[in-house]
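Student: Residue 231 in UniProt numbering is what sits at position 231 of the sequence shown, and the numbering runs on without skipping anything.
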Amino acid sequence: MTFEIVFVLLSLLGMVAALVADKMRPGMILFSVVVLFLCAGILTPKEMLEGFSNKGMITVALLFLVSEGIRQSGTLGQVIKKLLPQGKTSVFKAQLRILPSVAFISAFLNNTPVVVIFAPIIKHWAKSVNLPATKFLIPLSYVTILGGICTLIGTSTNLVVHGMILEAGFEGFSMFELGKVGIFIAVAGIVYLFLFSKRLLPDARPDTAVPDEEMEEGEKLHRVEAVLGARFPGINKKLSDFNFQRHYGAEVKEIKTRSGQRFVTNLNEVVLREGDTLVVMADDTFIPTWGESSVFVLLTNGNDPDTAGKKKRWLALILLVLMIVGATIGELPVTKEMFPDIKLDMFFFVSITTIVMAWTNLFPARKYTKYISWDILITIACAFAISKAMVNSGVADSVAKFIIGLSDDYGPHVLLAMLFIITNLFTELITNNAAAALAFPLALSIAAQLGVSPTPFFVVICMAASASFSTPIGYQTNLIVQGIGNYKFMDFVRIGLPLNIITFIISVILIPMIWNF
1 MTFEIVFVLL SLLGMVAALV ADKMRPGMIL FSVVVLFLCA GILTPKEMLE GFSNKGMITV
61 ALLFLVSEGI RQSGTLGQVI KKLLPQGKTS VFKAQLRILP SVAFISAFLN NTPVVVIFAP
121 IIKHWAKSVN LPATKFLIPL SYVTILGGIC TLIGTSTNLV VHGMILEAGF EGFSMFELGK
181 VGIFIAVAGI VYLFLFSKRL LPDARPDTAV PDEEMEEGEK LHRVEAVLGA RFPGINKKLS
241 DFNFQRHYGA EVKEIKTRSG QRFVTNLNEV VLREGDTLVV MADDTFIPTW GESSVFVLLT
301 NGNDPDTAGK KKRWLALILL VLMIVGATIG ELPVTKEMFP DIKLDMFFFV SITTIVMAWT
361 NLFPARKYTK YISWDILITI ACAFAISKAM VNSGVADSVA KFIIGLSDDY GPHVLLAMLF
421 IITNLFTELI TNNAAAALAF PLALSIAAQL GVSPTPFFVV ICMAASASFS TPIGYQTNLI
481 VQGIGNYKFM DFVRIGLPLN IITFIISVIL IPMIWNF
């Protein structure tokens with residue numbers, strides 16, 4: 001075993017341990033590992049930086065802005081209000097109206113803003129119709145994930161794998177190609193939620209810390225739930241070491257941690273983490289002041305968010321439709337023949353859509369940088385470099401030989417199943433994009449050593465890296481609904497693990513039937 005292989009393996013083990021420990025942001029952890037590879041001569045400066053100019057990574061960045069334009073137009077808020085049944089209804093009937101529609105929406109939009117907008121509205125609506133919000137919020141997060149796996153732009157993971165495929169010299173995915181298997185997984189997942197979510201999810205867990213409104217010193221204060229984002233300055237500090245009231249003018253009454261614990265006493269001793277939900281008492285200025293700040297992922301006091309006028313809503317919707325239709329038509333052979341000098345792909349149309357949204361003030365052009373999740377982009381860019389290091393050092397070939405040796409005489413189908421399990425475990429423990437980065441070179445080496453097409457392995461990475469259902473920490477939307485739904489960690493395990501298994505079975509059976517080895 002060479003020095004390069006040992007060095008890369010130890011570095012990757014350290015990376016996984018650091019990601020699980022959650023002491024630093026994923027982007028900085030991956031960047032640190034990439035710098036180590038650069039210092040060891042495993043990566044050249046050019047190879048280290050190639051991910052930062054990758055078309056898939058830039059497409060993800062622009063899609064953040066498109067999603068923000070849709071969010072600020074108020075289109076999503078209006079959609080969910082029309083979907084929610086008014087008057088007496090049941091959990092099943094309400095889910096029947098909500099879940100398929102949300103899955104469809106999330107196939108074309110970043111799922112985080114979808115959950116950020118829909119979750120508080122659904123929670124407030126559930127209270128008004130005397131239904132437990134706990135029966136809707138985890139399913140809301142899950143269907144955004146299920147919808148995302150159906151299209152190329154539904155999740156950043158698909159675009160990352162697509163970019164790696166192009167870098168490796170293969171033909172990438174078309175707009176709806178992943179939907180050939182994704183739609184079966186989505187339908188099966190939604191049916192599963194229809195049948196079992198009422199039984200497996202807990203009944204309502206009321207908020208105990210403070211009522212919706214309190215009067216203190218003659219001033220009317222409101223109960224606000226705030227989900228902490230990555231840029232919150234008090235991350236990894238005790239509440240006593242970070243004066244929340246001095247910084248934000250609100251008093252913390254309760255803390256719901258990402259592990260599912262709730263604290264209403266001894267709050268000053270609680271260490272704050274990204275994804276924790278704080279219940280605070282604040283005045284009417286708190287949400288308008290901090291609503292656009294990146295330090296909070298979500299702020300809600302139970303009231304419907306303000307929406308823009310009808311013209312902006314229609315403009316945002318039309319631009320989104322034109323972007324999707326344009327990218328789909330641009331992939332057709334006849335279109336490629338008509339415009340041989342212009343590549344009319346998703347990158348082309350999302351670039352145009354972003355500029356038009358900025359010009360028409362669908363999102364504030366002067367503040368465009370704050371709407372991009374830079375840590376995700378750095379994670380993606382570094383993922384390309386880590387994948388390259390695994391190839392350069394020989395780690396990918398060595399691990400692939402080891403995996404093939406474990407499954408001698410079983411053929412590529414068993415290896416496909418093993419790759420799904422490995423990728424899915426990494427996704428639940430670390431991040432979806434880091435999981436894809438580790439799995440992709442393995443897929444490439446396994447296919448090369450077996451002498452089969454790598455496409456089925458590429459597709460299974462997309463499905464496995466997105467199927468984060470069993471833990472709240474694997475996906476940001478799970479963290480968001482955990483806090484405002486008062487879920488415990490085991491609630492996700494109970495309902496999410498069968499969904500992981502469903503995704504695994506459908507993927508392993510259908511992918512080889514659709515994409516031949």
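Even for Gly, the Cβ is constructed at its ideal location relative to N, Cα and C.
Let me confirm a value: P364 is counted as buried when at least 16 other C-beta atoms fall within 10 Å, else exposed. Which label applies?
Tutor: When all chains shown are included, P364 counts as exposed.
Student: Only counting the same chain, and skipping five residues up and downstream in sequence, which positions put a Cβ closer than 7 Å to that of A168?
Tutor: If we look at A168 and ignore the five residues flanking it on each side, its Cβ neighbours are L444.
Student: Using the three-state DSSP reduction, which class does K253 fall into: helix, strand or coil?
Tutor: If DSSP states are grouped into helix, strand and coil, K253 belongs with the strands.
Student: CB-CB under 6 Å to A358, same chain, minus the five flanking residues each way: which ones, in chain order?
Tutor: If we look at A358 and ignore the five residues flanking it on each side, its Cβ neighbours are A365.
Student: Using a Cβ-Cβ cut-off of 7 Å (strictly less than) and excluding sequence neighbours within five positions of G172, which residues of its own chain qualify?
Tutor: H162, I165 and L166.
Student: Run through the stretch 411-463 for me and flag every whole alpha helix (DSSP H) of 4 or more residues, listed as ranges in chain order.
Tutor: Counting whole runs of 4 or more residues, the stretch 411-463 contains the alpha helix (DSSP H) stretches 412-429 and 432-450.
Student: Would you mind stating whether L278 and L228 have Cβ atoms separated by less than 8 Å?
Tutor: Their beta carbons are under 8 Å apart, which means L278 touches L228 by this criterion.
Student: Throw me the rounded Cβ distance for the T112 and A316 pair, which I believe falls under 8 Å.
Tutor: Going by Cβ atoms, the distance from T112 to A316 rounds to 17 Å, so no, they are not a contact pair.
Student: Going by DSSP, name the residue or residues bridged to R262.
Tutor: According to DSSP, R262 bridges with K256.
Student: Look at the alpha carbon of L499 and the alpha carbon of N516, and state the distance between them as a whole number of angstroms.
Tutor: Going by the C-alpha atoms only, they are around 25 Å apart.
Student: Provide the residue span of the alpha helix (DSSP H) that contains T360, from first to last.
Tutor: Note, T360: premise wrong, no alpha helix (DSSP H); not H, not E.
Student: Tell me whether R298 sits in a helix, a strand or coil according to DSSP, three-state version.
Tutor: The question names Arg, yet the displayed sequence has Leu at residue 298. Of the three classes helix, strand and coil, the one that applies to L298 here is strand, per DSSP.
Student: Considering only residues of the stretch 30-88, which uninterrupted alpha helix (DSSP H) runs meet the minimum length of 4 residues and lie entirely inside it, listed in chain order?
Tutor: Runs of the alpha helix (DSSP H) inside the stretch 30-88: 45-49, 55-73 and 75-83.
Student: Quick check: what's the CA-CA separation for G77 versus A133?
Tutor: Near 18 Å, if we compare the C-alpha coordinates of A133 and G77.
Student: Helix, strand or coil: which one does DSSP assign to L320?
Tutor: Note: L320 maps to helix in three-state DSSP.
Student: How is V227 classed by DSSP in three states: helix, strand or coil?
Tutor: Residue state, collapsed to three classes: strand.
Student: Straight-line CA distance for F184 to I506?
Tutor: Taking the straight line joining both Cα atoms gives about 8 Å.
Student: Between V399 and A385, what straight-line distance do the alpha-carbon atoms span, to the nearest angstrom?
Tutor: Approximately 18 Å between the Cα atoms of the pair.
Student: So, at 8 Å on beta carbons, what are the nonlocal neighbours of F31 in its own chain, with the 5 sequence-adjacent residues on each side left out?
Tutor: Cβ neighbours of F31 beyond the five flanking positions: I378 and C382.
Student: So, at 8 Å on beta carbons, what are the nonlocal neighbours of K198 in its own chain, with the 5 sequence-adjacent residues on each side left out?
Tutor: Excluding positions up to five away in sequence, the list reads V91, F92 and K135.
Student: Give every residue of the same chain whose Cβ lies closer than 7 Å to the Cβ of S259, excluding the five residues on either side of it in the sequence, and list them in chain order.
Tutor: The answer, listed in chain order, is F489.
Student: Grab me the residues of S174's own chain with a C-beta within less than 6 Å of its C-beta, minus the 5 sequence neighbours each way, in chain order.
Tutor: So the list reads E331, once near-sequence residues are dropped.
Student: What is the DSSP secondary structure of F504, counted as helix, strand or coil?
Tutor: Helix.
Student: What three-state label does DSSP hand K238 in the structure shown?
Tutor: Three-state DSSP puts K238 in a strand.
Student: Where do the N-terminal and C-terminal ends of the alpha helix (DSSP H) with C382 fall, by residue?
Tutor: First-last of the alpha helix (DSSP H) with C382: W374 to S393.
Student: Which of helix, strand or coil does DSSP assign to T151?
Tutor: In this structure, T151 counts as coil in the three-state DSSP scheme.
Student: For I117 and I235, I'd like the C-alpha separation in whole angstroms.
Tutor: Near 24 Å, if we compare the C-alpha coordinates of I235 and I117.
Student: Hey, residue 538 and V102 are a contact pair by Cβ (cut 8 Å); roughly how many whole angstroms apart?
Tutor: Since the first residue of the chain shown is 1 and the last is 517, residue 538 is not available in this structure.
Student: State the Cα-Cα distance for the pair residue 587 and F194, rounded to the nearest angstrom.
Tutor: Limits of the chain in this structure are 1 at one end and 517 at the other, which puts residue 587 out of reach.
Student: What separation, rounded to the nearest whole angstrom, lies between the Cα atoms of M513 and G14?
Tutor: M513 and G14: Cα-Cα distance of roughly 38 Å.
Student: Quick one: give me the first and last residue of the alpha helix (DSSP H) that A21 is part of.
Tutor: Taken as a continuous stretch (DSSP letters only), the alpha helix (DSSP H) holding A21 covers F3 to A21.
Student: Just how far apart, CA to CA, sit M338 and T59?
Tutor: If you take the alpha carbons of M338 and T59, they lie about 24 Å apart.
Student: Would you mind sorting T265 into buried or exposed? The rule is 16 or more other CB atoms within 10 Å of its CB.
Tutor: By the 10 Å Cβ count, T265 comes out exposed.
Student: What is the rounded straight-line gap between the Cα of D276 and the Cα of W290?
Tutor: Distance between the alpha carbons of D276 and W290: 17 Å.
Student: Locate the alpha helix (DSSP H) running through K180, then write down its first and last residues.
Tutor: Per DSSP, K180 belongs to the alpha helix (DSSP H) from G179 to L200.
Student: Please determine whether the Cβ atom of P333 lies at a distance below 7 Å from any heavy atom of the ligand GTP.
Tutor: This structure lacks the ligand GTP, and indeed carries no ligand of any kind.
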